[in-house]
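Chains as they are written, first to last, in this note's numbering: chain Z, 1 to 324; chain H, 1 to 300.
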């Protein structure tokens, strides 16, 4: 399939899929709380309503920023599904989030200020892990292009289990779910009014919702990338991951931002960096003769080296990663 | 189909309730009643809300809060008074600090009786509010055509809070043009504005009981000074500003000459005054970025 067709499918299908996922989310959450819950199409009703509501603005330019937030999110997804460079995708994603933050800052209300600041903190928390994810995928496939990564013959998750778990952790932040729904939550938590979206109403709020749908589909697409060599498993795992995020959302209370950023960085360091360390040691195996390393680590054992040397080195790396 | 009847978002405020009704409102969200199946979301933010649920009678402290929340809600919006206290003041009606039900401050669309109101009654009230919401939406859709039905009235001192709110809303757009947050319109306090009513005449533009524009005029000898032309951003570009200027001129039958002033970068204000027949006669540099422009008009 040509990249342009994939982009067109993304542009057309992502709002529908994203909206249905959001509806599913509310439904499942309600069932987890032994309620009936709204219909699956509820998010579409919400957006339809917001579209015809009056749009109260503090400053007109705030809507401009939100429009760019939506455009950049769509651009990010289009780059991703078009098979472009993963690093470029990450930068576009960051830029989109920055536009959202700028919009909230522009509204000059203390509540949206706090929301914007918390959004920045969240970005600080997830950015390292997202970058490490891209690097990890590069180390396995030797390419940053989403096309090449998707057509890689092996199951990426087998080489990147740590990075996959770390990515899962950042997804909790990206989906704005408890315990990391600091800047604004989709559910009826009321503290800090509505965080980053406090000052947006009417159509602008509808645009934010639609942007989140696009963003969620893009993120689940990234989850799929871990299982790209087995498409059915990939789709199933994407949905499973989304279900897992909903479960966690309903199980956990909100954490403080300090905990969020610290834990996210620890996860990035241990799972993300540890995984990359292991990969680099594995891939370094043919280049460096393993004998000296084995000699240093096991000087007492007078084994004959070549065939088995790689394993102790790997075990050491794993031990180091775990200790970190 | 507009989606209003399927996605009512609620903001709940306790005016001075004993918490009986509040507990029943929250009971509606629990598994037994689960109003979310109707699409109801309990948002904490007036700017996202469609339905304003108020419990308890209105006292001096909650009066301003109710008005404030109401003014911040985007149209179309519906007010539901929950419980007998919110409906009429209930047993507190004659208290020295109670002004009565919620309708003594803001227009109420649906009354839910009961002490405390039962969750079934509250859900029923919300469902009735949906009908009102849908109807208001139809009316709102007609707004662009209805701006010629704007009423221009003399503003009273009691309009001061709403005019002040309007000045602040519109003032932010002006502050953005000037890139200066210290405009007089943004600095004025309620007291100053109320005192100003003794000196000057204010005309308000009203659509559906809501002030969407105002202008200030003050006479000095044979000259009347026109200032503070404010139109809600939502209703701008509908010729309301020019008509406000026209109305304030009528309020000074003895004036021979009218004077107004604005800043140079504010092209919209200059355009508006130009269309009302004002001509520039002098300018005065204020800051490097802003030049005050004085305009005048002789009475024909």
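Even glycine gets a Cβ: it sits at the ideal position worked out from N, Cα and C. If you're wondering where the values come from, they're calculated on a predicted model, not measured in any experiment.
Bridge partners - residue i, DSSP secondary structure assignment
i                      : result
residue 218 of chain H : H:225
residue 68 of chain H  : DSSP lists no partner for residue 68 of chain H.
residue 14 of chain H  : H:55
residue 293 of chain H : H:262, H:283
residue 45 of chain H  : Answer is none; residue 45 of chain H lacks a bridge partner.
residue 10 of chain Z  : Paired residues: none, contrary to the question.
residue 9 of chain H   : H:41
residue 210 of chain H : H:207
residue 347 of chain H : For residue 347 of chain H there is no data in the structure shown, the boundaries of chain H being 1 and 300.
residue 82 of chain H  : H:55, H:112
residue 105 of chain H : Looking at the DSSP assignment, residue 105 of chain H forms no beta bridge with any residue, so it has no partner.
residue 333 of chain H : The requested residue 333 of chain H is not part of the displayed model; chain H covers only 1 to 300.
residue 230 of chain H : H:214
residue 79 of chain Z  : According to DSSP, which records beta bridges pairwise, residue 79 of chain Z is partnered with nothing at all.
Distance between beta carbons of residue j and residue i, contact taken as under 8 Å
i                      : j                      : result
residue 221 of chain Z : residue 80 of chain Z  : 6 Å
residue 163 of chain H : residue 211 of chain H : 6 Å
residue 181 of chain Z : residue 254 of chain Z : 6 Å
residue 50 of chain Z  : residue 211 of chain Z : About 13 Å separates the two Cβ atoms, so there is no contact after all.
residue 166 of chain H : residue 230 of chain H : 6 Å
residue 25 of chain H  : residue 54 of chain H  : So it is not a contact: roughly 10 Å between Cβ atoms.
residue 275 of chain Z : residue 163 of chain Z : 5 Å
Beta carbon proximity, residue i to chain H, threshold 8 Å
i                      : result
residue 256 of chain Z : no
residue 53 of chain Z  : yes
residue 149 of chain Z : no
residue 246 of chain Z : no
residue 202 of chain Z : yes
residue 288 of chain Z : In this prediction, residue 288 of chain Z scores a pLDDT of 48, lower than 50, which makes its location untrustworthy; no coordinate-derived value is stated.
residue 155 of chain Z : no
residue 293 of chain Z : Only weak support is given to the placement of residue 293 of chain Z: the predicted model assigns it a pLDDT of 46, under 50, and the value that follows is read from those uncertain coordinates. False, the Cβ-Cβ gap to chain H never drops below 8 Å.
residue 199 of chain Z : yes
residue 205 of chain Z : yes
Any C-beta of chain Z under 8 Å from that of residue i
i                      : result
residue 196 of chain H : no
residue 266 of chain H : no
residue 174 of chain H : no
residue 34 of chain H  : yes
residue 161 of chain H : no
residue 31 of chain H  : yes
Short Cβ contact (8 Å threshold) for residue i with residue j
i                      : j                      : result
residue 100 of chain H : residue 56 of chain H  : no
residue 10 of chain H  : residue 58 of chain H  : no
residue 279 of chain Z : residue 140 of chain Z : yes
residue 30 of chain Z  : residue 213 of chain Z : no
residue 102 of chain H : residue 121 of chain H : no
residue 27 of chain H  : residue 107 of chain H : no
residue 278 of chain H : residue 250 of chain H : no
residue 46 of chain H  : residue 72 of chain H  : yes
residue 169 of chain Z : residue 129 of chain Z : yes
residue 294 of chain H : residue 259 of chain H : yes
residue 144 of chain Z : residue 93 of chain Z  : no
residue 197 of chain Z : residue 109 of chain Z : no
residue 173 of chain Z : residue 125 of chain Z : yes
residue 199 of chain H : residue 218 of chain H : yes
residue 26 of chain Z  : residue 18 of chain Z  : no
residue 133 of chain H : residue 34 of chain H  : no
residue 66 of chain H  : residue 150 of chain H : no
residue 74 of chain H  : residue 136 of chain H : no
residue 48 of chain Z  : residue 228 of chain H : no
residue 117 of chain H : residue 8 of chain H   : no
residue 15 of chain H  : residue 86 of chain H  : yes
residue 104 of chain Z : residue 116 of chain Z : yes
residue 56 of chain Z  : residue 238 of chain Z : no
Where residue i meets chain Z, residues with beta-carbon distance less than 7 Å
i                      : result
residue 37 of chain H  : 36, 37, 38
residue 6 of chain H   : 45
residue 137 of chain H : 52
Where residue i meets chain H, residues with beta-carbon distance less than 7 Å
i                     : result
residue 28 of chain Z : What residue 28 of chain Z touches in chain H: nothing, since even the nearest Cβ is about 13 Å away.
Contacts of residue i in chain H (Cβ-Cβ under 9 Å)
i                      : result
residue 194 of chain Z : 43, 44, 45, 47, 48
residue 122 of chain Z : Result: empty, since nearest Cβ-Cβ is about 20 Å, beyond 9 Å.
Under 9 Å from the C-beta of residue i: neighbouring residues of chain Z
i                    : result
residue 3 of chain H : 44, 45, 46, 47, 48, 49, 50, 51, 52
Chain-ordered chain Z contacts of residue i [CB-CB under 8 Å]
i                      : result
residue 75 of chain H  : 53, 54
residue 119 of chain H : Those do not exist, as residue 119 of chain H stays about 14 Å from chain Z at its closest Cβ, beyond 8 Å.
Beta-carbon neighbours of residue i, restricted to chain H and to distances below 8 Å
i                     : result
residue 62 of chain Z : Chain H residues near residue 62 of chain Z: none, gap ~10 Å exceeds 8 Å.
Residue i: CB within 7 Å of a non-hydrogen atom of the ligand SAH
i                     : result
residue 80 of chain H : Absent from the structure shown: the ligand SAH. Ligands present: none.
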